[in-house]
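Asks:
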Ligand code: GDP
Ligand code: MG
């Protein structure tokens with residue numbers, strides 16, 4: 004019930020009722036098992052669990068949600084973040100100066116040629132003129148395979164000339180594309196069944212010649228731990244820009260995605276989900292995070308928990324704001340929500356009557372990076388300092404600045420901004436808090 008929910012939040016605001024170590028450890032044990040079952044690489048599991056524990060420690064209990072579910076929610080958010088965040092997945096980087104070159108790299112059988120065809124179909128539908136070129140001189144049938152896929156996708160393929168080396172074919176593809184006005188050239192390369200020096204050298208040479216906008220590493224998600232080793236090796240030798248994981252249709256677990264992303268830091272751009280040309284999905288961090296944690300019902304649970312947590316927090320915040328109260332904990336909470344809602348602009352757009360502040364913030368040039376820094380400053384404060392910023396004299400400010408890795412001037416700026424926000428909220432609250440009640444949907 005609403006009252007339960009609110010009292011849970013009030014426990015938090017009075018400093019009681021944080022998640023216990025026992026709750027956190029129990030829940031994280033389950034999460035750990037889920038990650039290992041999903042075939043996430045062990046070092047990645049370790050790092051992730053440690054981070055999740057840190058995030059969950061000190062979090063307030065929300066009464067209407069089981070503590071374990073709350074920890075799962077925190078973990079899920081961490082996974083989504085680690086997989087690249089909630090936003091729109093990063094698409095292909097197309098060059099301002101056509102032709103854009105896309106280079107496909109990866110082991111043999113990983114799905115490079117198929118993915119090249121899938122990308123061609125996708126780009127063709129976006130009305131791009133695409134040229135597919137096979138640089139696979141090792142397998143006689145490989146060039147034919149790509150030519151057939153090109154026909155199916157309704158795009159052109161580079162005429163096959165026997166006896167040319169891969170770098171020579173790359174040069175020929177580039178000059179044809181320039182002469183004939185193609186928008187995109189996709190270079191499909193040969194792979195080996197295992198990592199080897201010759202393959203890497205050739206791939207690096209092709210990358211140097213073709214100067215691709217995208218160098219995509221195609222990896223088979225079913226190869227699990229091997230995929231991680233492959234990604235590492237390719238990443239060391241090639242200027243990779245993104246990952247494509249194939250056979251996601253056969254991988255119920257998604258562990259390779261998390262491992263590869265964690266190890267390379269590269270965005271996962273697409274998932275291959277069938278043998279057909281249409282079988283290429285834009286990567287969706289939330290879906291994969293749900294899969295890693297253990298199938299669909301986790302996502303439903305997590306979404307319900309998230310709604311309750313957000314609603315409870317928003318209600319408590321609105322009540323305090325309506326009374327003209329606005330401490331640094333609340334500011335930190337606002338910063339967090341702001342990020343979740345798509346940055347400054349997103350949040351300010353949602354608040355009624357905050358146009359003036361929005362303008363101020365726009366004028367002051369606040370960016371999401373600054374938001375991160377502000378959050379770091381607040382988290383370096385003690386609980387008492389967050390409640391009563393008045394007690395912050397010079398030595399405390401120095402300690403906080405050092406803790407957050409910023410200058411004292413940054414701390415002062417934050418405090419000034421907090422005072423301005425508090426004043427703005429106080430003046431808004433003179434209408435009896437109606438604006439805030441509406442904002443929280445009460
Ligand atoms: P390459 O050696 O890296 O060029 O790999 P291919 O593109 O020739 O693909 C090898 C095999 O994997 C083919 O039989 C493809 O049909 C299959 N394949 C590629 N991508 C996917 C995918 O996303 N899902 C499934 N189920 N099969 C795939
Ligand atoms: Mg191939």
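In the UniProt record's numbering, the protein residues as written are 4 to 445. All C-beta atoms in this analysis are idealised placements derived from N, C-alpha and C, irrespective of residue type, glycine included. None of these values were measured; they are calculated from a predicted model.
(1) Runs of 4 residues minimum, wholly inside the stretch 380 to 406: which ones carry the alpha helix (DSSP H) assignment?
(2) Check whether the stretch 71 to 86 touches the stretch 101 to 110, taking contact to mean three or more Cβ pairs, one atom from each stretch, closer than 8 Å.
(3) Taking a contact to mean a Cβ-Cβ separation below 8 Å, would you say residue 133 touches residue 145 in this structure?
(4) Evaluate residue 204 with the Cβ neighbour count: other Cβ atoms within 10 Å of its Cβ, from every protein chain shown; 16 or more gives buried, anything less gives exposed.
(5) Here's the rule: buried if 16 or more other CB atoms are within 10 angstroms of the residue's CB, otherwise exposed. What is residue 200?
(6) Using a Cβ-based criterion (distance less than 7 Å to any ligand heavy atom), does residue 398 qualify as near the ligand GDP?
(7) When the Cα atoms are used, what is the spatial distance from residue 269 to residue 243?
(8) Per the DSSP calculation, residue 137 is bridged to which residue(s)?
(9) Starting from the N-terminal side, write out each stretch of the beta strand (DSSP E) that is 3 residues or longer and does not extend beyond the stretch 251 to 288.
(10) What are the complete alpha helix (DSSP H) segments, minimum 4 residues, inside the stretch 74 to 140?
(11) Is the beta carbon of residue 288 less than 8 Å from the beta carbon of residue 83?
(12) Can you tell me whether DSSP reads residue 297 as helix, strand or coil?
(13) Tell me which residues share the same chain as residue 384 and place their Cβ nearer than 7 Å to its Cβ, disregarding the 5 neighbours each side in the sequence.
(14) Determine, using beta carbons only, whether residue 73 and residue 22 come nearer to each other than 8 Å.
(15) If you measure from the CB of residue 191, is any heavy atom of the ligand MG nearer than 7 Å?
(16) Let me know the alpha helix (DSSP H) ranges lying completely inside the stretch 204 to 241, each 4 residues or longer, listed in chain order.
(17) Nearest to residue 97 by alpha carbon, out of 333, 321, 267 and 218?
(18) Do you know offhand how far residue 20's Cα is from residue 265's?
(19) Taking only three categories from DSSP, how would you classify residue 36?
(20) Heavy atom of the ligand ATP less than 7 Å from the Cβ of residue 284, yes or no?
(21) To the nearest angstrom, how far is it from the Cα of residue 153 to the Cα of residue 202?
(22) How big is the Cα-Cα spacing for residue 430 and residue 321?
(23) Would you grab the beta carbon distance between residue 139 and residue 193 for me? Rounded to a whole angstrom, and I think it's under 8 Å.
(24) Using the three-state DSSP reduction, which class does residue 159 fall into: helix, strand or coil?
(25) Let me know the secondary structure DSSP gives residue 63 once reduced to three states.
(26) Distance, Cα to Cα, residue 386 vs residue 69?
(27) Taking all protein chains shown into account, decide if residue 86 is buried (16 or more other Cβ within 10 angstroms of its Cβ) or exposed.
(28) Below 6 Å CB to CB, which residues in the same chain sit around residue 297 once its five sequence neighbours on both sides are set aside?
(29) Measuring only the C-alpha atoms, how far is residue 62 from residue 333?
(30) Go through its chain and collect everything with a Cβ distance to residue 196's Cβ below 6 Å, but skip five positions before and after it.
(31) Shorter than 7 Å, the distance from the beta carbon of residue 123 to the closest heavy atom of the ligand MG, or not?
(32) Between which two residues does the beta strand (DSSP E) holding residue 198 run?
(33) If you draw a straight line from the alpha carbon of residue 131 to that of residue 273, how long is it in whole angstroms?
Replies: Taking the structure as given:
(1) Correct list: 386 to 390.
(2) Too few Cβ pairs lie closer than 8 Å, so no.
(3) In this structure, residue 145 does not lie closer than 8 Å to residue 133 by Cβ.
(4) Counting Cβ neighbours within 10 Å, residue 204 comes out exposed, since fewer than 16 surround it.
(5) Counting Cβ neighbours within 10 Å, residue 200 comes out exposed, since fewer than 16 surround it.
(6) Every heavy atom of the ligand GDP is 7 Å or more from the Cβ of residue 398, so no.
(7) Roughly 8 Å separates the two Cα atoms.
(8) According to DSSP, residue 137 bridges with 191.
(9) Runs of the beta strand (DSSP E) inside the stretch 251 to 288: 271 to 275 and 283 to 285.
(10) With a minimum length of 4 residues, the continuous alpha helix (DSSP H) runs that stay inside the stretch 74 to 140 are 115 to 128.
(11) Yes, these two residues count as a Cβ contact at 8 Å.
(12) Secondary structure at residue 297: helix, using DSSP grouped into helix, strand and coil.
(13) Excluding residues within five positions, the ones whose Cβ falls inside 7 Å are 331 and 403.
(14) In this structure, residue 73 sits near residue 22, with a CB-CB distance shorter than 8 Å.
(15) Yes, the Cβ of residue 191 comes within 7 Å of a heavy atom of the ligand MG.
(16) If we require 4 residues or more, the alpha helix (DSSP H) runs fully inside the stretch 204 to 241 come out as 228 to 240.
(17) Among 333, 321, 267 and 218, the Cα nearest to that of residue 97 is on 218.
(18) In this structure, the alpha-carbon of residue 20 lies about 33 Å from that of residue 265.
(19) Helix.
(20) Summarising the ligand content, the structure contains the ligand GDP and the ligand MG and does not contain the ligand ATP.
(21) When rounded, the distance between both Cα atoms is 25 Å.
(22) Residue 430 and residue 321: Cα-Cα distance of roughly 14 Å.
(23) Contact check for residue 139 and residue 193: beta-carbon distance about 4 Å, within the 8 Å limit, so the pair qualifies.
(24) Residue state, collapsed to three classes: strand.
(25) Of the three classes helix, strand and coil, the one that applies to residue 63 here is strand, per DSSP.
(26) Answer to the nearest angstrom: the Cα atoms are 25 Å apart.
(27) With a threshold of 16 other beta carbon atoms within 10 Å, residue 86 meets it and is buried.
(28) Excluding the 5 residues flanking it on each side, residue 297 has same chain C-beta neighbours closer than 6 Å at 37, in chain order.
(29) Straight across, the Cα-Cα distance linking residue 62 with residue 333 is about 14 Å.
(30) The residues are 111.
(31) No, the ligand MG has no heavy atom inside 7 Å of this Cβ.
(32) First-last for residue 198: undefined, no H or E at that position.
(33) Spanning the two alpha carbons is a distance of roughly 19 Å.
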